[in-house]
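Numbering (this note's numbering), first residue to last: 87 to 599. Glycine included, every Cβ here is placed at the ideal spot set by N, Cα and C. Here is the structure we will look at.
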Amino acid sequence: MLKQLLAGAILWIGMMQQAWAQLPPKRELRAVWVATIENIDWPSRRGLSTEQQKQEFIDLLNRHQRNGMNAVIVQIRPVTDAFYLSPYEPWSEYLTGTQGQAPNPFYDPLQFMIEETHKRCMEFHAWFNPYRAVFNLSRSSVTPDHITRLRPQWFVNYDNKKYFDPAIPEAREYVTTVIRDVVKRYDIDAVHFDDYFYPYRVPGKDFPDNNSYRLYGNGMARDDWRRANVDAIIQMLSTAIKAEKPWVKFGISPFGVWRHREKDPEGSYTRGGMSNYDDLYADILKWLKKGWIDYVAPQLYWERGHRLADYEVLLNWWGQHGYGRQVYIGHGVYKLNSNAAWKNPRELVVQLEEARTLNTIQGDIFYSAKSFAGNPLGIEDSLRNHFYKYPALRPVMSWLPNTAPEPPYFIDAFERPGGLEIHWTDDDTTGRTKGYVLYRFEQNEAINVSDPTKIISIQPQSPDPEFKDAGYIKGRNYTYVITALDRLQNESHQAEPLRVHVRGGKTYFTFEP
Numbered sequence: 087m088l089k090q091l092l093a094g095a096i097l098w099i100g101m102m103q104q105a106w107a108q109l110p111p112k113r114e115l116r117a118v119w120v121a122t123i124e125n126i127d128w129p130s131r132r133g134l135s136t137e138q139q140k141q142e143f144i145d146l147l148n149r150h151q152r153n154g155m156n157a158v159i160v161q162i163r164p165v166t167d168a169f170y171l172s173p174y175e176p177w178s179e180y181l182t183g184t185q186g187q188a189p190n191p192f193y194d195p196l197q198f199m200i201e202e203t204h205k206r207c208m209e210f211h212a213w214f215n216p217y218r219a220v221f222n223l224s225r226s227s228v229t230p231d232h233i234t235r236l237r238p239q240w241f242v243n244y245d246n247k248k249y250f251d252p253a254i255p256e257a258r259e260y261v262t263t264v265i266r267d268v269v270k271r272y273d274i275d276a277v278h279f280d281d282y283f284y285p286y287r288v289p290g291k292d293f294p295d296n297n298s299y300r301l302y303g304n305g306m307a308r309d310d311w312r313r314a315n316v317d318a319i320i321q322m323l324s325t326a327i328k329a330e331k332p333w334v335k336f337g338i339s340p341f342g343v344w345r346h347r348e349k350d351p352e353g354s355y356t357r358g359g360m361s362n363y364d365d366l367y368a369d370i371l372k373w374l375k376k377g378w379i380d381y382v383a384p385q386l387y388w389e390r391g392h393r394l395a396d397y398e399v400l401l402n403w404w405g406q407h408g409y410g411r412q413v414y415i416g417h418g419v420y421k422l423n424s425n426a427a428w429k430n431p432r433e434l435v436v437q438l439e440e441a442r443t444l445n446t447i448q449g450d451i452f453y454s455a456k457s458f459a460g461n462p463l464g465i466e467d468s469l470r471n472h473f474y475k476y477p478a479l480r481p482v483m484s485w486l487p488n489t490a491p492e493p494p495y496f497i498d499a500f501e502r503p504g505g506l507e508i509h510w511t512d513d514d515t516t517g518r519t520k521g522y523v524l525y526r527f528e529q530n531e532a533i534n535v536s537d538p539t540k541i542i543s544i545q546p547q548s549p550d551p552e553f554k555d556a557g558y559i560k561g562r563n564y565t566y567v568i569t570a571l572d573r574l575q576n577e578s579h580q581a582e583p584l585r586v587h588v589r590g591g592k593t594y595f596t597f598e599p
């Protein structure tokens with residue numbers, strides 16, 4: 087009898103473990119890149135009216151909120167210009183068609199985008215290009231007071247573009263000042279760089295930094311010296327961001343290969359092609375080890391089984407090289423339908439599933455926003471109906487401020503046409519509360535706020551918060567739980583639940599443990 091009981095208990099535990107294993111994660115970054123360079127994603131073209139620009143961004147946010155995203159990464163400085171009112175750099179030509187020309191009627195696009203993003207309880211990562219100054223020397227609009235004209239000695243021309251020379255200390259200080267200004271004046275959640283450090287190599291052309299190497303090389307090998315130049319600005323920015331606002335994250339989205347194993351025993355089993363370390367002079371692992379950045383989002387835009395850079399090989403490699411910081415995987419939605427491998431409707435879905443199996447990977451970022459247009463290979467259906475069917479909080483970073491707010495509490499509930507209207511409040515006088523999570527449990531279900539399938543709403547803090555639960559069915563018993571979130575999504579304890587009891591055909595509401 088004892089053996090039978092033991093066997094039954096083991097079977098039950100196994101079944102429970104299997105059930106829990108199938109739950110989606112409660113915390114996961116789900117983000118999309120919004121590129122503004124050459125009007126890739128937003129605005130759709132130069133010269134749109136203010137109202138058209140605003141409406142396009144609202145439509146973009148709504149679409150990707152429906153897709154399950156909880157963050158957007160928006161390019162606000164594509165080429166030493168600004169999608170905001172900057173004291174240092176001119177308005178971007180990708181807004182109005184002419185660099186330096188403000189939107190008319192005037193608005194501050196960055197302020198507007200942050201407010202709309204936060205209304206949806208999504209995070210706003212401000213994406214900067216640190217070194218690119220003129221995108222196309224033949225046709226780009228450049229103002230007379232542009233920094234390339236004021237400080238021409240800081241810049242070099244390469245591949246019909248103009249770049250800051252990363253070796254020049256004053257140039258690094260200038261870029262740091264520009265970014266620190268945004269951190270100080272705007273309510274952004276993160277500073278984000280992609281893969282452009284020293285520019286991608288052009289065959290037969292070396293980056294023209296002979297003059298600065300003579301001035302600043304100090305006898306170092308040129309490759310080591312270039313890496314040291316990039317290290318310097320990453321460290322400066324890390325310090326500046328946290329000095330201004332300790333809660334603002336700093337993230338890098340590098341090219342997907344740090345270094346090949348043939349050159350470094352710590353490298354990945356990939357071959358051929360470029361690497362961050364040897365070609366872009368970006369030693370991402372050093373920045374992770376030193377704690378200079380909060381997250382890394384390698385761009386793994388290859389398919390599974392790629393002969394030079396296999397997605398699965400790189401996924402596992404990055405999963406083992408986060409050094410305590412967070413790792414998100416960059417996925418190339420734009421690759422869908424591009425070749426035989428990417429005509430397989432399961433390719434991207436399986437990549438997402440494989441990333442989720444690793445507890446050292448905390449989320450996904452998709453390039454880019456417009457690539458979802460037309461729902462290629464049903465990717466939006468896959469996200470909305472399966473992969474991101476349930477909402478997720480963003481992962482917390484234990485090294486950032488992590489004091490959770492005080493819990494809110496329910497104050498009333500009313501049966502209304504179309505659902506149950508629920509009201510709550512909080513006594514937070516610190517301003518720490520930035521949002522709420524509302525859970526619903528069916529009759530006799532154990533209250534388990536670790537289960538994201540029970541979340542029915544994540545919404546921003548407001549003076550008189552309320553929510554109408556359209557899934558409420560009159561005549562059933564329910565238990566509702568409410569918690570509070572700070573800006574980094576540290577979650578409060580729960581206060582007394584709201585219980586819905588049906589007795590004798592009447593509905594009663596109680597607020598009790």
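Span of the alpha helix (DSSP H) holding residue i?
| i | result |
| --- | --- |
| residue 299 | 296-302 |
| residue 436 | 433-442 |
| residue 545 | Residue 545 -> not in any alpha helix (DSSP H); beta strand (DSSP E) instead, spanning 541-546. |
| residue 398 | 397-405 |
| residue 196 | 195-205 |
| residue 267 | 255-271 |
Check for me: the beta strand (DSSP E) holding residue i runs from which residue to which?
| i | result |
| --- | --- |
| residue 465 | Not the beta strand (DSSP E): residue 465 falls in the alpha helix (DSSP H), residues 465-468. |
| residue 429 | Per DSSP, residue 429 belongs to no beta strand (DSSP E) and is neither H nor E. |
| residue 564 | 564-571 |
| residue 412 | 412-418 |
| residue 117 | 115-120 |
| residue 526 | 521-528 |
| residue 112 | No beta strand (DSSP E) contains residue 112, which DSSP labels as neither H nor E. |
| residue 247 | 247-250 |
| residue 594 | 592-597 |
| residue 555 | 552-555 |
| residue 584 | 584-589 |
| residue 242 | 241-244 |
Quick one: using the 10 Å Cβ neighbour count with 16 as the cut-off for buried, is residue i buried or exposed?
| i | result |
| --- | --- |
| residue 248 | buried |
| residue 170 | buried |
| residue 407 | buried |
| residue 216 | buried |
| residue 425 | exposed |
| residue 547 | buried |
| residue 92 | Confidence in residue 92 is poor, its pLDDT being 44 and thus under 50, which makes the residue's placement too unreliable to answer from. |
| residue 541 | buried |
| residue 275 | buried |
| residue 335 | buried |
| residue 393 | exposed |
| residue 152 | exposed |
| residue 400 | buried |
| residue 472 | exposed |
| residue 208 | buried |
| residue 355 | exposed |
Go through its chain and collect everything with a Cβ distance to residue i's Cβ below 8 Å, but skip five positions before and after it.
| i | result |
| --- | --- |
| residue 560 | 501, 593 |
| residue 176 | 167, 168, 185, 186, 229, 231, 232 |
| residue 311 | 253, 299, 302, 303, 304 |
| residue 417 | 386, 387, 434, 437, 438, 450, 451, 452, 453 |
Got a sec? Which residues, its chain only, sit under 6 Å from residue i by beta carbon, not counting five neighbours each side?
| i | result |
| --- | --- |
| residue 468 | 435 |
| residue 581 | 493, 495 |
| residue 488 | 576 |
| residue 366 | 283, 284 |
| residue 154 | 116, 469, 474 |
Any heavy atom of the ligand HEM within a distance shorter than 8 Å of the CB on residue i?
| i | result |
| --- | --- |
| residue 286 | What this structure holds is no ligand at all, so the ligand HEM is not there to describe. |
Quick one: what's got a C-beta closer than 7 Å to residue i's C-beta in the same chain, skipping five residues either side?
| i | result |
| --- | --- |
| residue 421 | 387, 428 |
| residue 599 | 582 |
| residue 504 | 554, 556 |
In chain order, which beta strand (DSSP E) runs of at least 3 residues are fully inside the segment 212-236? Qualifying beta strand (DSSP E) stretches, in chain order: 218-220.
* Asked: Where are the beta strand (DSSP E) runs, 3 residues long or more, that stay fully inside the segment 280-346, in chain order?
  -> Qualifying beta strand (DSSP E) stretches, in chain order: 335-338.
> If you pair each beta-carbon of the segment 199-206 with each one of the segment 263-271, do three or more pairs fall below 8 Å?
Replying inline: Flag = no, the segment 199-206 and the segment 263-271 do not touch.
**Item:** Those runs of the alpha helix (DSSP H) which lie wholly inside the segment 439-508 and span at least 4 residues
**Value:** Correct list: 465-468.
Are the segment 284-296 and the segment 342-356 touching by the rule of at least three beta carbon pairs closer than 8 Å? The answer is no - the segment 342-356 does not touch the segment 284-296, with fewer than three Cβ pairs under 8 Å.
Please specify which runs of the alpha helix (DSSP H), each continuous and at least 4 residues long, are wholly inside the segment 127-193, giving them in chain order.
The qualifying runs are 136-152, 179-182.
Segment contact, 8 Å Cβ cut-off, at least three pairs: the segment 227-236 with the segment 300-317:
In the pairwise beta carbon analysis, the segment 227-236 is classified as not touching the segment 300-317: fewer than three pairs are separated by under 8 Å.
- Ordered list of alpha helix (DSSP H) runs contained in the segment 356-392, each at least 4 residues: Taking only runs of at least 4 residues, the alpha helix (DSSP H) segments lying wholly in the segment 356-392 are 370-376.
Query raised in the report: Quick check: the segment 131-139 against the segment 182-201, are there 3 or more CB pairs under 8 Å?
Result: Yes, since at least three Cβ pairs between the segment 131-139 and the segment 182-201 fall closer than 8 Å, the two stretches touch.
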